[in-house]
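Notes for the one structure printed next.
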Amino acid sequence: MNYRSLERGKTISVVLVAALLASLGLGPNVFAAVTHAQGVWETWTSESYFMTPRESFQLRTFYEDMPTRRWLLVVDGGDENCDLSVLRVKGEELLYYKIDESRHEVSIPWGEGEELIMVLTNRNNEGAFVVSLMGPPREQNLASYSYSVNRALEAYATGQRLKAQDLCRKALLENPDDGVAKVLLAGFMRESNHLDEAEVMIQDAMKNPLPPDMRVLAKELERELKTLQAPLPKTIVEGLAKAESALVEDRPQEALEVCDDLLNGEQQFSGPSRAQLHILRGRALEALDRNFEAVDAYTQALNFNRSKSAQALAYYHMGNLFLKMDNLVQAEGAFTIAIKFGLPTGLDVQARESLQLVDDRRTRDR
C-alpha cells in the first residue's frame, strides 16, 4: 500500500463564541446556531491525486486542519469509481465504508484532539481523484470543543435537552477537567432550579483553564446565581407557602385570595416574586375553571420575570391550561417553548408526554 499524507493546512484562527444558548440566559444563541445554513460549505483544503488501477493510499487529517464542529470529506472521481473507508482514530470507529462509487461525501462530527485516517482505493481504470475538506464559511465558523461537548451543543439545538446534559456528563467522564462541559452543566442545573449544585459546578469550572469567552460566561452565571440565591422577603415566602398548601389541599379560592392580598398590598415585591405569585394565582383560577383569567395571570408572570427558567414554568402551566380547553395549537406552542427554555427534569418529561398527546390528538382530528 502506498502512503501519502494530505498536506497539513494552516491552522485557522477560530473566534471563540458564547457556548450557552439564549435559553440559558447567557448571551448569544449559540446552540440555535450550531449548524450553518444547509448546503453552505466552503473548501478549506483540496488536492488532486492521479491513481493507477487498484492503487491505494492513506490520507490523515488532524483537528488542527479543520478546527470546526463538523465538516465534509468529499472525494470526486469524475467518471472513475473508487472505494473509501474513513476511520476515527479515537476508539477505532469506522465512520464510513463504501465501494465502487464515483463520488463519496462523508459528514464528520469533530472535536478537539480528533484524528481521521482515510483509505482511498482506485478500481479498474487509472484516473484523477479530487479530495476536498469542506467546512462552514470561515467567518461563520464556530469554536470546536471536545467531541462530546460539540455533540451536546447539536443535541440542544434540536431540542434534545436531556441528551445534551447526558453528553456533557459523558464529556466529564472522558476528561474530568473539561471546563466547558462544567459551564454548560451549571447552566442546565440553574435552569432546573438546582442552584446549589449549579454554584458548585461553576466554581469547579472556573478552577480549570477556560476559553476567554467561556470564562466571561462563567462569571456572568456566577453573578446570576448569587442574585437568584438571594433570600426572598419573609412575607412572600410565607404567602407562597400558604397559597401552595391551599392548592394542594384543593382550596383554590383561599389560594387565590392569598395571592391577591399580596399583589394588591402596599409592600413592594421584585419582578421574580410577582411572577411566582401570578403563576400560583393562575393555577388557582384554573382550578376554579376561570380559564381566561388564568391565561392572563400566566401572561403577567411572563412579563414580570424574563429569566428562561421562570418563563418555561409559566409556559408549562399555560400548555396544560390550553390542553384542558382543547386548544391544541396553542397547547403545542406553549409546551414547545417550555421545553426549549428548560424545565426541571420531572416537568420536562411531563411536558414532552403532553406534547406527544397533543400531536396524537391533532393527528386523529385531521
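Each residue of the sequence shown is one higher than the last, beginning at 4 in the numbering used here. The beta-carbon is built from N, C-alpha and C at its ideal position, and this holds for glycine as well.
Here's a check: name, in chain order, each residue in its chain whose Cβ is nearer than 6 angstroms to the Cβ of residue i, leaving out the five neighbours to either side.
i	result
Glu10	Low confidence applies here, because Glu10 scores a pLDDT of 32, under 50, leaving its location unreliable; read the following figure in that light. Here the set comprises nothing.
Glu202	Leu228
Glu200	Met192
Leu176	none
Val133	Ser51 and Asp79
Pro112	Arg73
Thr55	Glu129
Asp329	none
Ala184	Val152, Cys171, Ala174 and Leu175
Ala246	Ala258, Val261, Cys262 and Leu283
Glu335	Val361
Val109	Leu76, Val89 and Tyr99
Arg365	Leu331
Leu188	Cys171 and Met204
Gln333	Phe325
Ala1	Absent from the structure is residue 1, since the part of the chain shown begins at 4 and ends at 369.
Asn306	none
Going by alpha carbons, who is nearest to residue i out of the options?
i	options	result
Ser149	Phe132, Arg141, Gly349 and Asp181	Asp181
Thr302	Lys311, Ala290, Ala184 and Gly285	Gly285
Thr339	Met328, Gln353 and Lys327	Gln353
Ala315	Ala300, Ala337 and Gln333	Ala337
Ala278	Ala167, His320, Thr366 and Glu252	His320
Gln270	His281, Asp253 and Pro236	Pro236
Lys93	Thr64, Pro347 and Asn323	Thr64
Ala304	Ser276, Leu250, Leu331 and Leu123	Ser276
Asn294	Gly322, Leu62, Pro179 and Leu188	Gly322
Asn457	Ala300, Ala249, Asn178 and Leu250	Beyond the ends of the chain as shown, which are 4 and 369, falls residue 457; an answer cannot be given.
Val251	Ala287, Glu241 and Val186	Ala287
Ile120	Asp368, Arg355, Leu97 and Glu241	Leu97
Ala341	Pro347, Arg355 and Tyr318	Tyr318
For residue i and residue j, I'd like the C-alpha separation in whole angstroms.
i	j	result
Glu157	Val298	33 angstroms
Arg91	Asp292	59 angstroms
Glu260	Leu283	11 angstroms
Asp362	Thr48	45 angstroms
Glu257	Glu289	13 angstroms
Gly345	Asn308	15 angstroms
Glu296	Arg164	32 angstroms
Lys343	Leu350	12 angstroms
Pro255	Ile239	18 angstroms
Glu58	Ser105	15 angstroms
Phe2	Asn127	Past the edges of the chain, shown from 4 to 369, lies residue 2, and the structure says nothing about it.
His107	Ser273	59 angstroms
Asp82	Glu95	32 angstroms
Trp44	Ala160	20 angstroms
Leu266	Gln359	36 angstroms
Gly162	Asp169	14 angstroms
Thr71	Leu62	19 angstroms
Ala167	Asn125	40 angstroms
Val186	Gln206	9 angstroms
Asp264	His197	30 angstroms
Asp368	Ser248	38 angstroms
Arg355	Pro347	12 angstroms
Glu142	Glu241	53 angstroms
Val122	Lys101	11 angstroms
Pro140	Leu280	48 angstroms
Asp216	Ala300	38 angstroms
When we look at the beta-carbon of residue i and count the other beta-carbons within 10 Å, is it buried (16 or more) or exposed?
i	result
Leu243	buried
Leu24	With a pLDDT of only 40 at Leu24, under 50, the local geometry of the prediction cannot be trusted, and no value is derived from it.
Ala155	buried
Thr230	exposed
Glu194	buried
Lys311	buried
For residue i and chain C, any beta-carbon pair shorter than 7 angstroms?
i	result
Ser357	Among the chains of the structure shown, chain C does not appear; only one protein chain is present.
Near residue i, which residues of its chain fall below 8 angstroms by C-beta distance, leaving aside the five closest residues on each side in sequence?
i	result
Met209	Gly182, Arg218, Ala221, Lys222 and Glu225
Tyr66	Trp113, Gly114, Glu115, Gly116, Glu117, Glu118 and Ser147
Arg357	The displayed chain sequence assigns Ser, not Arg, to residue 357. Closer than 8 angstroms at the Cβ level, and outside the excluded window around Ser357, lie Gly322, Asn323, Leu326, Ala334 and Phe338.
Asp253	Ala290
Output needed for residue i: all residues of its chain with C-beta closer than 7 angstroms, excluding positions within five of it in sequence on either side, in chain order.
i	result
Met69	Trp47, Trp113, Leu136 and Gly138
Asp103	Asn84, Asp86 and Arg126
Taking 6 angstroms as the cut-off, does the CB of residue i come closer than this to any heavy atom belonging to the ligand ATP?
i	result
Val186	Absent from the structure shown: the ligand ATP. Ligands present: none.
Which whole runs of the beta strand (DSSP E) in the segment 83-136 are 3 residues long or more, in chain order? 85-91, 96-104, 106-112 and 118-125
Ranges of the alpha helix (DSSP H) found wholly within the segment 165-226, counting only runs of at least 4: Listed in chain order, the complete alpha helix (DSSP H) runs (minimum 4 residues) inside the segment 165-226 are 182-194 and 198-208.
Unbroken alpha helix (DSSP H) runs of length 4 or more, entirely within the segment 269-329: which are they? You should have 274-290, 294-307 and 311-327.
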